[in-house]
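Engineer: Following the working numbering, the residues of the sequence shown are numbered contiguously, the last one being 562. For every residue, glycine included, the Cβ atom is placed at its ideal position computed from N, Cα and C.
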Amino acid sequence: MRIFSQNVNGVRARIKGGLEDAIKAINPDIICLQEFRARPDQVPKSFLSGYNGYYSIHDKPGYAGAATFVRVGLDQPFLAVDDFPDGSERGRVSILDFKEFKLINSYSPNSGQRLEKLERRVEWQEQLCRYIKSQMKPVILCGDLNVAPLKMDSNTQSKAGTSFAERKAFQDILDLGYADVFRELNPDLVQYTWFSNQYNSREQNKGMRLDQFVIAQELMPKVEKMYHEYNDKLIAGSDHVPIILDINI
């Protein structure tokens with residue numbers, strides 16, 4: 314199974330730039346898009362034909378949003394929800410319940426340039442942690458998790474995503490018996506998945522690893538590979554690099 318994940322920074326603009334063909338060239342079984350910024354009726358009916366779409370739409374029009382697409386012919390989820398039970402904000406997670414695992418496609422909140430939203434961000438992350446802990450099945454969590462887990466995962470001056478509180482909240486999930494797949498497979502490799510659209514950041518390799526696959530440790534032996542896709546056709550128009558997981562599940 315191949316799972317593709319990317320913060321697309323507004324799907325409608327990206328569709329005009331050829332996003333669909335670029336994704337289909339990767340041939341994923343499941344597609345997780347964050348910062349979707351659209352309702353299903355605002356994208357062409359033909360978008361990602363051959364896939365069934367499941368959406369989490371924010372109450373604020375044109376804001377946030379997570380959408381997950383599952384290839385027709387693949388076992389479809391038993392249940393799809395667009396928030397945690399008793400969650401505080403729709404439009405942040407698309408959760409699909411499959412036979413062997415649960416998939417959480419997450420566009421996690423940003424804590425703000427001056428960490429002015431840090432309290433809300435940590436509270437939301439705690440909800441996520443409690444939800445994962447409550448599950449009877451192993452979870453695959455992916456998306457723009459808006460945290461650089463380790464010091465080596467950022468070489469910018471950003472406070473957001475690098476604070477002690479955010480990194481601890483991420484570690485709390487790992488402490489449940491979960492693995493940051495990229496770091497587990499590549500203990501010393503420095504790569505980033507987010508580059509500011511200003512200051513030639515990508516050319517200067519000034520970025521942060523904000524996008525991750527976090528999976529139950531029991532699933533790690535099933536991982537075939539996980540990588541960041543630096544294809545210009547996929548990145549153009551977004552400030553995030555796609556991440557891809559191949560897993561035998």
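Note down, in chain order, each residue of its chain lying with its Cβ closer than 6 Å to the Cβ of Leu387, except the 5 sequence neighbours on either side.
Structural biologist: Position 74 of the sequence shown, counted from the first residue, corresponds to residue 387. Cβ within range, chain order: Asp342.
Engineer: Give the DSSP-derived three-state secondary structure of Tyr540 in the structure shown.
Structural biologist: The count along the sequence shown starts at 1 and reaches residue 540 at position 227. Three-state result, Tyr540: strand.
Engineer: Below 8 Å CB to CB, which residues in the same chain sit around Lys373 once its five sequence neighbours on both sides are set aside?
Structural biologist: Against the sequence shown, residue 373 aligns to sequence position 60. Hits under 8 Å: Gly404.
Engineer: With a 10 Å radius around its C-beta and 16 neighbouring C-beta atoms as the bar for buried, classify Arg427 as buried or exposed.
Structural biologist: Start at 1 with the first residue of the sequence shown, and residue 427 comes out as number 114. Exposed, since its Cβ has fewer than 16 Cβ neighbours within 10 Å.
Engineer: Distance, Cα to Cα, Trp437 vs Ser401?
Structural biologist: As a position in the sequence shown, residue 437 is number 124, starting the count at 1. As a position in the sequence shown, residue 401 is number 88, starting the count at 1. Distance between the alpha carbons of Trp437 and Ser401 is about 7 Å.
Engineer: Could you pull out every residue in the same chain whose Cβ sits closer than 6 Å to the Cβ of Ala393, ignoring the five residues on either side in sequence?
Structural biologist: In the sequence shown, counting from the first residue as 1, residue 393 sits at position 80. Answer for Ala393: Tyr367, Leu409, listed in chain order.
Engineer: Here's the rule I'm using: 16 or more other beta-carbon atoms within 10 Å means buried, otherwise exposed. How should Gly456 be labelled?
Structural biologist: Here the question's residue 456 lines up with position 143 in the sequence shown. Its Cβ being crowded by 16 or more others within 10 Å, Gly456 is buried.
Engineer: Using the three-state DSSP reduction, which class does Ala335 fall into: helix, strand or coil?
Structural biologist: Stepping through the sequence shown from its first residue, residue 335 is reached at position 22. Note: Ala335 maps to helix in three-state DSSP.
Engineer: What residues match up with Trp507 in a beta bridge as DSSP calls it?
Structural biologist: By one-based count along the sequence shown, residue 507 stands at place 194. Bridge partners of Trp507: Met521, His553.
Engineer: Which whole-angstrom value describes the C-beta separation of Met465 and Phe495, a residue pair presumed to lie in contact below a C-beta threshold of 8 Å?
Structural biologist: As a first step, residue 465 is located in the sequence shown; it is residue number 152 there, counting from the start. As a first step, residue 495 is located in the sequence shown; it is residue number 182 there, counting from the start. Actually they do not touch by this definition, with Cβ atoms about 12 Å apart.
Engineer: Could you have a look at Arg443 and say whether DSSP puts it in helix, strand or coil?
Structural biologist: Your numbering for residue 443 matches position 130 in the sequence shown. Residue state, collapsed to three classes: helix.
Engineer: Whole-angstrom Cβ separation of Gln347 and Arg325, contact assumed at under 8 Å?
Structural biologist: Numbered from its first residue, the sequence shown carries residue 347 at position 34. Numbered from its first residue, the sequence shown carries residue 325 at position 12. Not quite, the Cβ-Cβ distance comes to about 15 Å (not below 8 Å), so this is no contact.
Engineer: Beta carbon of Arg327, beta carbon of Val321: below 8 Å?
Structural biologist: Here residue 327 refers to the residue found at position 14 when the sequence shown is read from its first residue. Here residue 321 refers to the residue found at position 8 when the sequence shown is read from its first residue. In this structure, Val321 lies closer than 8 Å to Arg327 by Cβ.
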